[in-house]
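Read the structure below first, then the notes.
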């Protein structure tokens with residue numbers, strides 16, 4: 535869906551996800567709040583993009599609009615040229631915490647979106663993703679028996695199992711302790727490299743962004759606009775003490791407006 | 085996305101009005117279609133309400149019912165809240181007493197009527213005793229669970245500031261448990277209102293419950309039966325709303341923030 | 039204390055019974071029986087097979103009235119809770135009907151169903167319907183937003199969404215509401231039987247008093263009512279502990 539004034543280079547390199555002039559305004563009882571203002575963003579197939587920005591700036595609103603959970607006040611979101619108009623299993627959101635269904639087992643959660651498959655296909659798919667997120671042995675456990683990190687891996691598995699075009703992660707590791715968080719980053723990278731999905735990840739963690747992303751998009755405070763885009767041109771696995779890494783990290787901190795000499 | 089204010093007002097008033105209108109219409113036409121002589125139509129109930137309002141008996145009945153509820157409920161509060169606080173404060177006491185409470189609780193207050201007549205004869209005290217029985221158990225349970233669900237952190241913080249047991253109870257535990265206690269009190273007040281009507285149908289000869297049973301027994305005045313039921317409903321609703329206002333007082337409101 | 043924990047409540051009950059017996063013995067000639075007489079009366083009822091008959095009659099009415107209320111009020115409440123406009127429309131009516139004592143419906147019950155089982159089943163239905171309706175509505179309101187979003191994410195049809203997300207999410211709260219409501223139904227059946235029928239535990243009490251002031255039977259009936267009510271409550275609590283229903287307790 536080519537829009538006037540927006541140049542699309544050629545069909546082969548057409549973006550997987552395209553956000554055009556996106557704006558969201560919330561109508562409260564006695565005040566209106568502009569959450570997003572004129573967001574333009576293109577993400578290509580298989581790319582890993584991180585969104586960072588001050589807290590409360592509207593990062594989650596942006597994800598919700600892209601996922602079809604709320605309809606934008608202006609502008610549009612399209613995936614593979616198709617307009618997003620509502621929630622759909624081709625785009626799956628992974629929530630911060632408690633997003634797994636506590637009344638279903640690990641298998642039940644992963645199989646949640648697979649009702650249309652035959653029994654054997656479903657079992658196969660579940661087994662594959664149990665292995666991918668390394669929850670073997672916990673197939674019949676309930677989420678209450680899992681640790682925070684395991685629950686988040688389960689959520690990622692449930693999302694990937696339905697073969698989505700795009701995966702949206704909303705501060706997926708925000709509620710985890712810092713050691714688990716570092717381990718989960720490695721897990722997520724491994725899964726991403728194995729499955730090659732397009733991932734858009736909201737985070738408030740600078741290191742997470744620089745370690746994971748191909749590109750980091752920096753949002754301004756409310757109403758959120760795209761302030762800067764930083765391309766992380768380091769191949770995986772990334773050495774977090776390499777000069778290039780540290781330079782990019784400093785650059786990102788500067789973009790966010792944080793003094794890094796504390 | 086949130087709705088605008090105008091839409092809200094429209095929904096708040098129009099939708100219930102439509103629902104009530106539909107109910108009245110269904111009621112009216114089913115009375116017409118079945119051709120019943122006994123069951124009243126909405127219109128005759130309305131006339132019944134007006135008739136009751138003009139007779140001072142209604143006001144006497146209302147004040148009788150309310151008086152019984154207020155006294156019985158107040159007695160239940162005075163006994164139930166301290167007892168519940170004690171049980172919540174001393175878990176070992178709770179363990180000992182709780183089975184007795186659990187055993188007494190499922191006995192319908194109405195089933196106590198014969199016993200209450202022995203002790204109090206027929207009349208107000210008997211009815212008040214029944215209301216007391218109906219509302220005291222929920223109050224005890226609410227107060228006890230209110231105290232036991234106060235985070236231990238609060239207790240330790242209180243001790244930290246060198247409070248004595250009595251001070252701790254008064255300045256930390258009670259305010260912390262208050263929201264839950266108030267919810268328990270409101271539920272009990274609702275139960276008291278259910279019980280008073282039931283008790284008045286059996287044990288005394290005044291009050292709204294008596295009005296219901298008397299309207300039926302003396303001449304099958306079903307229009308007055310339904311009219312009295314509606315008045316019971318309205319007064320119960322008013323009692324509940326008044327209590328909800330109390331819950332909204334700022335100093336006790338902290339516990340309700342999530343619920344609001 | 040040296041007694042094992044489970045023994046303490048038993049000793050407490052025994053002490054209360056002893057106090058009661060002593061109080062009665064000190065005032066002879068009272069209508070009020072002591073515990074010994076009351077338990078003797080339970081024995082007498084058992085011997086004549088009357089106890090079983092009355093208990094079965096009461097449980098029969100409670101079961102039907104409660105089940106009817108469950109199958110109507112819970113689906114209706116879930117739908118009203120989900121479609122907030124529906125709730126807005128009906129909430130005032132619900133709030134108006136809820137404070138009307140189920141017993142106040144007795145004249146109407148007798149008019150519609152005559153004197154008998156149907157009448158008291160109707161009263162139990164009325165007494166259970168509104169609490170269950172309110173529970174179901176608020177259970178839907180209390181579903182954490184994240185489950186709803188996670189469920190919508192997978193593009194389910196509305197029926198699927200209801201069966202696979204809404205329903206499992208509300209089950210723990212519904213069970214608590216059902217337990218409380220079953221308690222109410224048990225209160226109502228006894229009261230209803232005192233007026234509208236001629237069998238059941240409520241009838242036993244009224245009949246024992248009216249036919250010859252047999253207060254030992256009155257108190258015996260009350261004890262049986264308490265015990266059965268307690269058992270019903272324990273049964274529902276056991277249901278709440280079933281593994282796949284239990285998730286709320288584990289989560290917190």
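Chains as they are written, first to last, in the numbering used here: chain A, 535 to 796; chain B, 85 to 344; chain C, 39 to 290.
The beta-carbon is built from N, C-alpha and C at its ideal position, and this holds for glycine as well.
Note that the structure is a prediction, hence the values are computed from the model and not measured.
Given residue i as reference, the closest of the options once Cα atoms are compared
i	options	result
residue 284 of chain B	B:305, B:213, B:138 and B:173	B:213
residue 691 of chain A	A:619, A:709 and A:728	A:728
residue 789 of chain A	A:724, A:587 and A:672	A:587
residue 180 of chain C	C:149, C:216 and C:116	C:116
residue 282 of chain B	B:209, B:160, B:192 and B:110	B:192
residue 267 of chain C	C:53, C:44 and C:100	C:100
residue 92 of chain B	C:122, C:259, C:144 and C:271	C:122
residue 269 of chain C	B:189, B:111 and B:94	B:189
residue 722 of chain A	A:634, A:694 and A:699	A:694
residue 568 of chain A	A:781, A:757 and A:771	A:757
residue 700 of chain A	A:626, A:576 and A:557	A:626
residue 131 of chain B	B:246, B:222, B:305 and B:261	B:305
residue 320 of chain B	B:274, B:125 and B:107	B:274
residue 234 of chain C	C:58, C:153 and C:196	C:153
residue 733 of chain A	A:704, A:740, A:716 and A:606	A:704
residue 95 of chain B	C:126, C:245 and C:212	C:126
DSSP state of residue i mapped onto helix, strand, coil
i	result
residue 225 of chain C	helix
residue 704 of chain A	strand
residue 618 of chain A	coil
residue 630 of chain A	coil
residue 182 of chain B	helix
residue 662 of chain A	helix
residue 760 of chain A	strand
residue 108 of chain C	helix
residue 214 of chain B	helix
residue 585 of chain A	strand
residue 311 of chain B	helix
residue 79 of chain C	helix
residue 206 of chain B	coil
residue 327 of chain B	helix
residue 332 of chain B	coil
residue 244 of chain B	helix
residue 687 of chain A	helix
residue 45 of chain C	helix
residue 609 of chain A	strand
residue 673 of chain A	coil
residue 170 of chain B	helix
residue 651 of chain A	coil
residue 815 of chain A	No answer is possible for residue 815 of chain A: the residues shown for chain A start at 535 and end at 796.
Pair within 8 Å by beta-carbon distance, residue i and residue j
i	j	result
residue 714 of chain A	residue 675 of chain A	no
residue 312 of chain B	residue 322 of chain B	no
residue 782 of chain A	residue 764 of chain A	yes
residue 818 of chain A	residue 555 of chain A	Only positions 535 to 796 of chain A appear in the structure, and residue 818 of chain A is not among them; the question remains open.
residue 199 of chain B	residue 256 of chain C	yes
residue 232 of chain C	residue 222 of chain C	no
Cutoff 7 Å; reference residue i; Cβ partners in own chain excluding five residues on either side
i	result
residue 177 of chain B	170 and 171
residue 217 of chain B	193 and 196
residue 279 of chain B	193, 214, 215 and 218
residue 768 of chain A	778 and 779
residue 185 of chain C	203 and 207
residue 621 of chain A	601, 602 and 603
residue 76 of chain C	254, 257, 258 and 261
residue 199 of chain C	189
Rounded Cβ spacing between residue i and residue j (contact assumed at less than 8 Å)
i	j	result
residue 645 of chain A	residue 656 of chain A	6 Å
residue 141 of chain C	residue 53 of chain C	About 35 Å; that fails the 8 Å criterion.
residue 745 of chain A	residue 724 of chain A	Not really, about 13 Å apart at Cβ, beyond 8 Å.
residue 570 of chain A	residue 595 of chain A	6 Å
Cut-off 8 Å between Cβ atoms - residues of its own chain near residue i, not counting five sequence neighbours on either side
i	result
residue 342 of chain B	Note on residue 342 of chain B: pLDDT 41, under 50, position unreliable in the model; the coordinate value appears next. For residue 342 of chain B, where only same-chain residues beyond five positions count, there are no Cβ hits under 8 Å.
residue 219 of chain C	104, 107, 166, 169, 170 and 173
residue 748 of chain A	581, 582, 583, 765 and 766
residue 128 of chain C	118
Other residues of its chain near residue i: CB distance less than 6 Å, five sequence neighbours each side excluded
i	result
residue 575 of chain A	553
residue 271 of chain B	222
residue 252 of chain B	242
Residue i Cβ short of 7 Å to the ligand ADP heavy atom set
i	result
residue 266 of chain B	Questions concerning the ligand ADP fall outside what the structure shown contains, since it holds no ligand whatsoever.
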